[in-house]
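Quick note: to get this note's numbering, add 11 to the position in the sequence shown (first position is 1). Beta carbons: idealized from backbone N, C-alpha and C, even for Gly. Here the structure is a predicted model, which means the values were calculated and not measured. Structure first, commentary second.
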Amino acid sequence: MKILLVIDVQQRYLKNYKPDLVERVNNRIAEAIKKDIPVVYVRNTGRSGKDENFDLAESLLIKSDCVFKKRLPSAFSNADFEPFLNKMNVDTINVVGVDGRCCVSRTVMDALEKGYKVYLLMDAIEAHNDKFYYTELKTMEQNGAVAHMKLEKM
């Protein structure tokens, strides 16, 4: 089974990215819904683990109650995340969100290490530092992640 994993599209981070980021992520969410692909959200709560000021973006389409909190960069740092994927028989993870050089990258690398197929939906991933992101992107691709640019690829 495929899922769409939305990583850290949170109100407090939006100022670091292009203004249309949420719109592009929402397009991917809408596409996933049309294709009956479950949408799973991950949100950072910082090292403190407190929810204060770590809300998902106000304009983000929330189309499921599958929201996992994490204190560390990888979604797999949440102890409930991988058991959830196993229960859902997930084998393919389509990824959107931020930050491409950190939380996206760490989640992708962990997913690849655990045997998942990973597709990076490039039009809906951004990074605060493009230089570091492109280095991370090469590493993700060398380890098996597939980068796509067009919506119809999901």
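Residues of the same chain with a CB within less than 6 Å of the CB of V157, apart from the 5 flanking positions on each side, are Y130 in chain order.
Contact annotation: I48 and I14 have beta-carbon atoms nearer than 9 Å. In the structure shown, F143 adopts helical secondary structure according to DSSP, grouped into three states. In this structure, D102 lies near Y127, with their beta-carbon atoms less than 9 Å apart. Non-local C-beta neighbours of N55 in its own chain, meaning closer than 7 Å and more than five positions away in sequence, comprise D19, Q21, F65, K81 and C114, ordered along the chain.
By the Cβ neighbour-count rule, I104 is buried, with 16 or more other Cβ atoms within 10 Å of its own. Judged by DSSP secondary structure, T103 falls within the beta strand (DSSP E) whose first and last residues are T103 to G108. Around the beta carbon of S70, fewer than 16 other beta carbons sit within 10 angstroms, so the residue counts as exposed. The beta carbon of K29 sits closer than 7 Å to those of E137, all from its chain and outside the five residues before and after it, given in chain order. Excluding the 5 residues flanking it on each side, L32 has same chain C-beta neighbours closer than 8 Å at V20, L25, V109, A135 and E137, in chain order. Beta-bridge partners assigned by DSSP to I18: V53 and G108.
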